[in-house]
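2 protein chains.
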Amino acid sequence: MTDASDSRALAPRRHDEILKRLAADGSVSIAALSAFFNVSRETIRRDLKQLADRGQLGLVHGGATLFEPTEPALTQRAQENSLAKAAIGRAAAGLVRDGMVVLIDSGTTTLAVAQALSGLKNLTVCTPSLTIALLLCRQPSTRVHMLGGEIDSGEEAAVGIDALEAIGRFRVDIAFVGGGGLSPDGEVTDFTRNGAEQRSRMIAAAERAYFVLDSSKFGRLTPLRIPRFELAAGLITDAAPPAAIGEAMVRKGPKLIVAT
Amino acid sequence: MTDASDSRALAPRRHDEILKRLAADGSVSIAALSAFFNVSRETIRRDLKQLADRGQLGLVHGGATLFEPTEPALTQRAQENSLAKAAIGRAAAGLVRDGMVVLIDSGTTTLAVAQALSGLKNLTVCTPSLTIALLLCRQPSTRVHMLGGEIDSGEEAAVGIDALEAIGRFRVDIAFVGGGGLSPDGEVTDFTRNGAEQRSRMIAAAERAYFVLDSSKFGRLTPLRIPRFELAAGLITDAAPPAAIGEAMVRKGPKLIVAT
DNA sequence: AGATATGTTGCAAAATACGGCAAATTACCC
DNA sequence: GGGTAATTTGCCGTATTTTGCAACATATCT
Chain A
1 MTDASDSRAL
11 APRRHDEILK
21 RLAADGSVSI
31 AALSAFFNVS
41 RETIRRDLKQ
51 LADRGQLGLV
61 HGGATLFEPT
71 EPALTQRAQE
81 NSLAKAAIGR
91 AAAGLVRDGM
101 VVLIDSGTTT
111 LAVAQALSGL
121 KNLTVCTPSL
131 TIALLLCRQP
141 STRVHMLGGE
151 IDSGEEAAVG
161 IDALEAIGRF
171 RVDIAFVGGG
181 GLSPDGEVTD
191 FTRNGAEQRS
201 RMIAAAERAY
211 FVLDSSKFGR
221 LTPLRIPRFE
231 LAAGLITDAA
241 PPAAIGEAMV
251 RKGPKLIVAT
Chain B
261 MTDASDSRAL
271 APRRHDEILK
281 RLAADGSVSI
291 AALSAFFNVS
301 RETIRRDLKQ
311 LADRGQLGLV
321 HGGATLFEPT
331 EPALTQRAQE
341 NSLAKAAIGR
351 AAAGLVRDGM
361 VVLIDSGTTT
371 LAVAQALSGL
381 KNLTVCTPSL
391 TIALLLCRQP
401 STRVHMLGGE
411 IDSGEEAAVG
421 IDALEAIGRF
431 RVDIAFVGGG
441 GLSPDGEVTD
451 FTRNGAEQRS
461 RMIAAAERAY
471 FVLDSSKFGR
481 LTPLRIPRFE
491 LAAGLITDAA
501 PPAAIGEAMV
511 RKGPKLIVAT
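So the sequences go chain by chain: A and B.
Under the numbering used here, think of the first position of the first sequence as 1, with each following residue one higher.
Under the numbering used here, think of the first position of the second sequence as 261, with each following residue one higher.
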C-alpha cells in the first residue's frame with residue numbers, strides 16, 4: 001500500500017527475506033517481521049506456515065527457527081519405555097555366548113542390550129555408538145572395537161563411509177540392529193539413507209542378525225526400507241505387534257521374539 | 261515491557277543461548293539468566309526444567325550444570341592437576357581459529373583442551389578418544405570424526421592399526437598431542453609402541469602440532485621415544501621445566517609455551 | 001535458630017495461534 | 001474494456017500458550 005518501497009514483489013520476496021534473516025539470526029519473530037514488511041501478523045504466520053510445510057524452517061510460538069528435526073536427546077530417549085527396553089536387552093543377551101563377536105548398532109534399545117551383556121566373558125564387541133563403546137570398554141574381559149567415522153550428534157554414533165567400510169572388515173557372530181519403525185507391511189524402516197545402508201551392512205556382516213525394536217515403533221512410518229532386511233534372523237520386541245504386521249514380517253523371513 | 265528494539269526472545273532462542281552458555285561455562289545460574297533475558301526467574305526455571313526433561317542439562321540449586329551420566333576413572337584422573345590442565349587447555353584453544361580442522365589425542369590433558377574449545381565455531385575435530393568425541397559432538401556447529409579401532413580400556417580411546425590408518429586420511433590444521441613424559445634429554449616419550457607410533461602420525465598429519473603435557477610429566481622416564489617428535493611446533497605446559505630439559509627440547513625444534 | 005535465597009504452586013494478564021469471513025488485489029476469459 | 005473467478009490479505013472473536021506476580025514451602029548459609 002503506502003509503503004511502496006519494495007512491496008512490488010509479493011510473497012516470494014517476503015519468503016526470501018525471511019529465510020535470509022533466519023539464516024543470519026537463527027530465528028525470526030512474527031512481530032518483527034510484520035513490522036518490517038508492514039503487513040499483518042496473520043500474513044506472516046501464513047508465510048511461515050508455507051515455509052514450514054516445505055521444510056525450510058520450524059515453527060515455534062512467536063516465530064520460527066531453523067528447522068531441526070531434533071529427535072529428543074539421547075538420555076531422554078533412553079528413559080522412554082525403559083522397562084520394555086530392559087526386557088528386550090535381557091532377551092537379546094540370552095542369545096549371546098561367552099567368546100562371541102557381537103555387533104551392536106547405535107540407539108537406545110541397543111544400549112539396553114549392551115547393558116545386559118555385563119555377565120558375559122571374553123566378548124568382542126563392535127559398535128558405532130560412542131556411548132556403547134564407552135560403557136563396554138569399562139567391562140573387564142570385553143574387547144571393544146569402535147567403528148570410526150563422522151559422528152552424528154543426534155545418535156552420538158559414527159555414520160557414513162568410514163563406518164560402512166569398517167563393518168565389512170569384521171566377521172560377526174551375532175548382531176543387534178535398531179531401526180526407525182516397523183512398517184504396516186512388516187518391514188523395518190529407517191529415517192535416513194545412510195542409516196538404512198549401515199544397518200543393511202550390519203545384517204550382511206553377521207552370522208545371525210536380530211532387530212531390536214520396542215513396541216512404540218509398530219506401524220510407525222519412516223521413509224526408507226532397510227535393504228536385505230529379510231536376511232535378519234529375527235526381531236526382538238517387548239509386545240506382540242498387530243497380527244497383520246507380525247505375520248507380514250514372518251512371511252518374509254525374520255522370526256518374532258517377544259521378550260517378557 | 262515490550263522491548264521493542266531488542267529482538268524479542270523466542271523461547272527456543274533462550275534455550276539455545278542457555279545451552280551455549282552451559283557449554284561454555286559448565287554451569288549457568290538462574291539469577292544471571294533472568295537478568296540477561298529480562299524475564300522472571302520462574303520463566304528461566306521453566307526453561308531449565310524443559311531442557312532437563314530433555315536430558316540436555318542437570319538441575320542444581322540456583323541453576324543448572326552439564327548433565328554427566330557416569331564417568332568414573334577418566335574423569336577422576338582429569339581432576340588431578342585440573343587447574344594446570346585447564347590453563348593448558350585455554351592456551352591451546354587460543355591457537356585455534358573458527359573453521360579449523362583440529363586433531364585431538366586421547367588423554368586427560370587433551371580432554372581439557374577439548375573442553376576449552378567450546379567457544380569456537382565450525383570446527384572439524386578428529387579424535388581417537390571416546391570421551392572427547394562424546395563431549396564435542398554435543399557442541400553445536402562442531403563436526404566430529406571419531407578415529408575408529410580397538411578401544412584401549414585405560415585410555416578409553418581407539419588404538420591400533422585402524423586408528424593409525426584413519427589419521428592418514430585427514431588434512432589437519434592443528435593437532436594437540438599427549439605423551440607419557442618429557443625425558444631429561446628433552447624428548448617426549450610414551451608408554452607403548454602403539455601409542456608412540458600413533459602420536460607420531462598425528463604430528464605428521466598436522467600442519468602444526470603441539471604437545472600438551474602438564475608439569476608432573478617433567479623428567480619422567482617412559483620407555484619409547486615418539487618418532488619425529490621434533491616436527492612438533494611446540495610444547496604447551498603449565499610451568500617452566502628445568503632449564504636443562506627445556507633447552508634440550510628447544511634445540512631440537514619445538515617451542516616452549518608456558519600457560520598461566 | 002534465624003536470615004537469606006531458592007523452589008513450587010495457583011492464578012491472572014498478556015501475547016500468540018487459529019478459524020471464519022469480508023475486502024482488496026490479481027488473473028483470466030470473453 | 002468489462003466482468004468473473006481465484007488468490008491474497010486484513011480483521012475479528014475465541015482458544016491456547018506463555019509469562020509474571022504473589023504466597024508459601026524448602027533449602028542453604030552464618
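Backbone N, C-alpha and C fix where the C-beta goes; we use that ideal spot for every residue, glycine too.
Among all the DSSP beta bridges, which residues are the ones paired with residue i?
| i | result |
| --- | --- |
| Gly438 (chain B) | Looking at the DSSP assignment, Gly438 (chain B) forms no beta bridge with any residue, so it has no partner. |
| Ala500 (chain B) | DSSP output for Ala500 (chain B) lists no bridge partner at all. |
| His405 (chain B) | A:Glu150 and B:Cys386 |
| Ile104 (chain A) | A:Phe176 |
| Leu224 (chain A) | A:Asp190 |
| Ala418 (chain B) | B:Ile411 |
| Gly286 (chain B) | BP columns for Gly286 (chain B) are empty, so no partner. |
| Leu59 (chain A) | A:Ala64 |
In terms of residue numbering, what span does the beta strand (DSSP E) encompassing residue i cover?
| i | result |
| --- | --- |
| Phe229 (chain A) | Neither: Phe229 (chain A) is in no beta strand (DSSP E) and is coded neither H nor E. |
| Leu326 (chain B) | Premise fails: Leu326 (chain B) is in no beta strand (DSSP E) and is neither H nor E. |
| Thr110 (chain A) | Here Thr110 (chain A) belongs to no beta strand (DSSP E); instead the alpha helix (DSSP H) covers Thr108 to Ala116. |
| Ser183 (chain A) | Here Ser183 (chain A) belongs to no beta strand (DSSP E), and DSSP marks it neither H nor E. |
| Leu516 (chain B) | Lys515 to Val518 |
How would you write the range of the alpha helix (DSSP H) that residue i sits in, first residue to last?
| i | result |
| --- | --- |
| Lys49 (chain A) | Arg41 to Asp53 |
| Cys233 (chain A) | Residue 233 (chain A) is actually Ala in this sequence, not Cys. Per DSSP, Ala233 (chain A) belongs to no alpha helix (DSSP H) and is neither H nor E. |
| Leu424 (chain B) | Ile421 to Gly428 |
| Leu293 (chain B) | Ile290 to Phe297 |
| Leu343 (chain B) | Ser342 to Ala353 |
Buried or exposed for residue i, going by 16 or more other Cβ atoms inside 10 Å?
| i | result |
| --- | --- |
| Gln50 (chain A) | exposed |
| Arg488 (chain B) | exposed |
| Val320 (chain B) | exposed |
| Ala426 (chain B) | buried |
| Asp190 (chain A) | buried |
| Ala418 (chain B) | buried |
| Glu507 (chain B) | exposed |
| Lys217 (chain A) | buried |
| Leu343 (chain B) | exposed |
| Glu207 (chain A) | exposed |
| Ser40 (chain A) | exposed |
| Glu410 (chain B) | buried |
| Ser118 (chain A) | exposed |
| Ala333 (chain B) | With a pLDDT of only 48 at Ala333 (chain B), under the threshold of 50, the placement of this residue in the model should not be trusted; the figure read from the coordinates follows. Exposed is the call here. |
| Glu155 (chain A) | buried |
| Lys381 (chain B) | exposed |
| Leu481 (chain B) | exposed |
| Ala112 (chain A) | buried |
| Asp498 (chain B) | buried |
Notebook entry, point to check: Relative to chain A, which residues along the segment 406-435 of chain B have a C-beta separation below 7 Å, given in chain order?
Noted result: Listed in chain order, the positions of the segment 406-435 of chain B with a beta carbon within less than 7 Å of a beta carbon of chain A are Met406, Leu407, Gly408, Gly409, Glu410, Ile411, Ser413, Glu416, Ala418, Asp422 and Ala426.
Check: Between the segment 53-66 of chain A and chain B, which residues of the former have a C-beta closer than 9 Å to a C-beta of the latter?
Finding: Taking 9 Å as the Cβ-Cβ cut-off against chain B, the residues of the segment 53-66 of chain A that qualify are Gly58, Val60, His61, Gly62, Gly63, Ala64 and Thr65.
Checklist line | Runs of alpha helix (DSSP H) lying entirely within the segment 186-222 of chain A, each at least 4 residues, in chain order | finding: At a cut-off of 4 residues, the continuous stretches assigned as alpha helix (DSSP H) that sit fully inside the segment 186-222 of chain A are 193-205.
Notebook entry, point to check: Using a beta-carbon distance cut-off of less than 8 Å, what residues from the segment 19-46 of chain A approach chain B?
Noted result: The segment 19-46 of chain A vs chain B, Cβ under 8 Å: Asp25, Gly26, Ser27, Ser29, Ala31 and Ala32.
Notebook entry, point to check: Along the segment 357-375 of chain B, what residues have a CB closer than 9 Å to any CB found in chain A?
Noted result: Listed in sequence order: no entries.
Margin query: Residues of the segment 198-215 of chain A in Cβ contact with chain B at a cutoff of 8 Å, in chain order, please.
Written below: Taken residue by residue, none of the segment 198-215 of chain A has a beta-carbon sitting less than 8 Å from a beta-carbon on chain B.
Note to self: Short of 9 Å Cβ to Cβ, which residues in the segment 390-405 of chain B face chain A?
What the structure shows: For the segment 390-405 of chain B, the residues whose beta carbon sits under 9 Å from a beta carbon of chain A are, in order, Leu390, Thr391, Ala393, Leu394, Leu396, Cys397, Arg398, Gln399, Pro400, Thr402, Arg403, Val404 and His405.
Checklist line | Interface positions of the segment 377-389 of chain B facing chain A (Cβ-Cβ less than 8 Å), listed along the chain | finding: Answer set for the segment 377-389 of chain B: empty.
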